[in-house]
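What follows is one structure encoded as structure tokens, with my remarks underneath.
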Amino acid sequence: MSNCNTAPAIFTMRPQASSRSTGARGLPPAESTDAAAPDDPALLKDSVRRLTEDQMLVNQALVEKIFACEQAEAALRATEHRLHDLLAHQHARREAERKRISRDLHDSLGQNLLALRMDIVSLQQATADRHRRLHDRLGSALDNVD
1 MSNCNTAPAI FTMRPQASSR STGARGLPPA ESTDAAAPDD PALLKDSVRR LTEDQMLVNQ
61 ALVEKIFACE QAEAALRATE HRLHDLLAHQ HARREAERKR ISRDLHDSLG QNLLALRMDI
121 VSLQQATADR HRRLHDRLGS ALDNVD
């Protein structure tokens, strides 16, 4: 994936020196010994053609760069969406596990308290006539369980 913040290669290339010397804008220097004058229509037409070709190359490079950036941004959005979905799924699973553990603890504790209550009631009934102090203490324990 290319970096969307860098200039296309065409912007970073230095102009190639041609076999003939050129001045600003690709035109030959004014003191050129060529037979054509700087305002020669054929020379100007050739310069315009070359500049147009260069501009077309730059435009094509920009179009390709924009397309690559759009693809990278779309891939990033898709990845962010997947990450969001995965995090939501992970949160839902964690919450379901927390609820399951809570329910299991509640059920287990409820069963243990019920068994303890039944044992205390049984002991309380068995000690009612013979061990008054124990009977009273078992009553207090039963109050705590309830």
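Mind the numbering: the sequence shown is residues 1 to 146 in the numbering used here, read in order.
Just so it is clear, CB atoms sit at the ideal spot from N, CA and C, and this is done for glycine as well.
Separation of arginine 50 and methionine 56 (C-alpha to C-alpha, rounded to the nearest whole angstrom) is 10 Å. Non-local C-beta neighbours of glutamate 97 in its own chain, meaning closer than 8 Å and more than five positions away in sequence, are absent. In the structure shown, alanine 128 falls within a coil segment according to DSSP collapsed to helix, strand and coil.
Distance from the CA of aspartate 146 to the CA of alanine 92, rounded to the nearest whole angstrom, comes to 35 Å. Distance from arginine 117 to leucine 87 at the Cβ level is roughly 44 Å; contact not present, criterion being Cβ atoms closer than 8 Å.
Uninterrupted beta strand (DSSP E) stretches at least 3 residues long and entirely within the region 33-105 do not occur.
Counting other Cβ atoms within 10 Å of its Cβ, isoleucine 101 stays below 16 and is therefore classed as exposed. Here the C-alpha atom of glycine 139 lies approximately 15 Å from the C-alpha atom of arginine 130. In the three-state scheme derived from DSSP, where H, G and I count as helix and E and B as strand, aspartate 136 is classed as helix. In this structure, the alpha-carbon of threonine 52 lies about 55 Å from that of histidine 89.
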